[in-house]
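If you want our numbering, it's the 1-based position in the sequence shown plus 2.
Cβ atoms here follow ideal geometry from the backbone N, Cα and C, with glycine treated the same way.
Everything on this sheet refers to the single structure shown next.
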Amino acid sequence: MTPLSRPTLLEIAAQPYPLALDPARTALLLIDMQRDFLEPGGFGAMLGNDVSLLRSAIAPCQRLLDVARKAGMLVIHTREGHRPDLSDAPPAKLTRGPGPMRIGDAGPMGRILIRGEPGHAIVPELMPLPDEPVLDKPGKGAFYQTDLSLLLANRGIASLIVAGVTTEVCVHTSVREANDRGFECLVVSDAVASYFPQFHRAALDMITAQGGIFGWVADATTLCAELARIDA
Ligand code: TIU
């Protein structure tokens, strides 16, 4: 395909219909690609999940990161987790689940879902670059109690390419928050993943249903081919 030498609208073949993206006003939002969710011994495993189900999203996220960086797009990483003293964790979140392990308890990758612990870090395959903002969020949504709105406003961002984990929890919550704030969201179907394949499918369907009630869905190959045309 022909490279684009100046800012031009990209037309992405997406569901439920093609999406026009202005790359200068689009950010890549990578949600919670943390060891705590993707590796054994963290929060995901503590909840009784098979964390290997999430690892399929790593390679598509790497490809997205690569083209977004080359295109000069804003890349933002998020991490779910809490202060070591747990003062930002609602009691209802701390006591949720059957136990015996809970948020803040010591696990194989350090204290579970605690900022600064090894398990809280983003997986090495997707290590943020020094100039890429990393947002620590105490909730499932990327906007809740973070300065994400400010970062996006300062860069004039109108559209978000969303990837990460898990499809129906933090990705979905963040997309719903973004949609209500007026952002157009494109969720990358194979760069998001869930511990529950049926929830993954349903969550993607819920985004595109009703004429794209929450946004659009496209796969990483389709999207990367378009983004790779941008001459940064
Ligand atoms: N449990 C689950 O599916 N997800 C979370 O707790 N957090 C995120 O999705 N990041």
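{"query": "Mind listing which residues have their beta carbon within less than 5 Å of any non-hydrogen atom of the ligand TIU? Chain order is fine.", "result": "D34, E82, T168, V171, C172"}
{"query": "Verify whether the separation of the beta carbon atoms of T194 and A59 is less than 9 Å.", "result": "Residue 194 is actually Val in this sequence, not Thr. Contact flag set, yes."}
{"query": "Whole angstroms are fine: how far does the CA of H84 sit from the CA of A70?", "result": "29 Å"}
{"query": "Can you list, in chain order, the stretches of the beta strand (DSSP E) that have 3 or more residues and sit fully within the region 21-103?", "result": "21-23, 28-33, 76-82"}
{"query": "Can you tell me where the alpha helix (DSSP H) holding L162 begins and where it ends?", "result": "Where L162 is concerned, there is no enclosing alpha helix (DSSP H), although the beta strand (DSSP E) it sits in stretches over 161-167."}
{"query": "Alpha carbon to alpha carbon, how far is G184 from A160? Give it in angstroms, no decimals.", "result": "8 Å"}
{"query": "When you compare the CB positions of R231 and L12, do they come within less than 9 Å of one another, or not?", "result": "yes"}
{"query": "Which runs of the beta strand (DSSP E) spanning at least 3 residues fall entirely within the region 123-159, listed in chain order?", "result": "136-139"}
{"query": "Using C-beta distances below 8 Å, list every residue in its chain close to K95, excluding the 5 sequence neighbours before and after it, in chain order.", "result": "I105"}
{"query": "Looking at G166: is its Cβ nearer than 9 Å to the Cβ of F45?", "result": "no"}
{"query": "Exposed or buried, T246, counting other C-beta atoms within 10 Å across all chains shown (16 or more means buried)?", "result": "As displayed, the chain neither begins before 3 nor continues past 234, which places residue 246 out of reach and without an answer."}
{"query": "Using a 10 Å radius around the Cβ and a threshold of 16 neighbouring Cβ atoms, would you call S176 buried or exposed?", "result": "buried"}
{"query": "With 9 Å as the threshold, decide whether the Cβ of P25 is near any Cβ in chain E.", "result": "Among the chains in the structure shown there is no chain E, since it carries only a single protein chain."}
{"query": "According to the neighbour-count rule (16 or more other Cβ atoms, all chains shown, within 10 Å of its Cβ), is S89 buried or exposed?", "result": "exposed"}
{"query": "Give the secondary structure of L206 by DSSP, where H, G and I count as helix, E and B as strand, and everything else as coil.", "result": "helix"}
{"query": "If you compare alpha carbons, which of Y197, L225, A227, F216 is closest to S54?", "result": "Y197"}
{"query": "Around the C-beta of T97, are 16 or more other C-beta atoms found within 10 angstroms, so that it is buried, or is it exposed?", "result": "exposed"}
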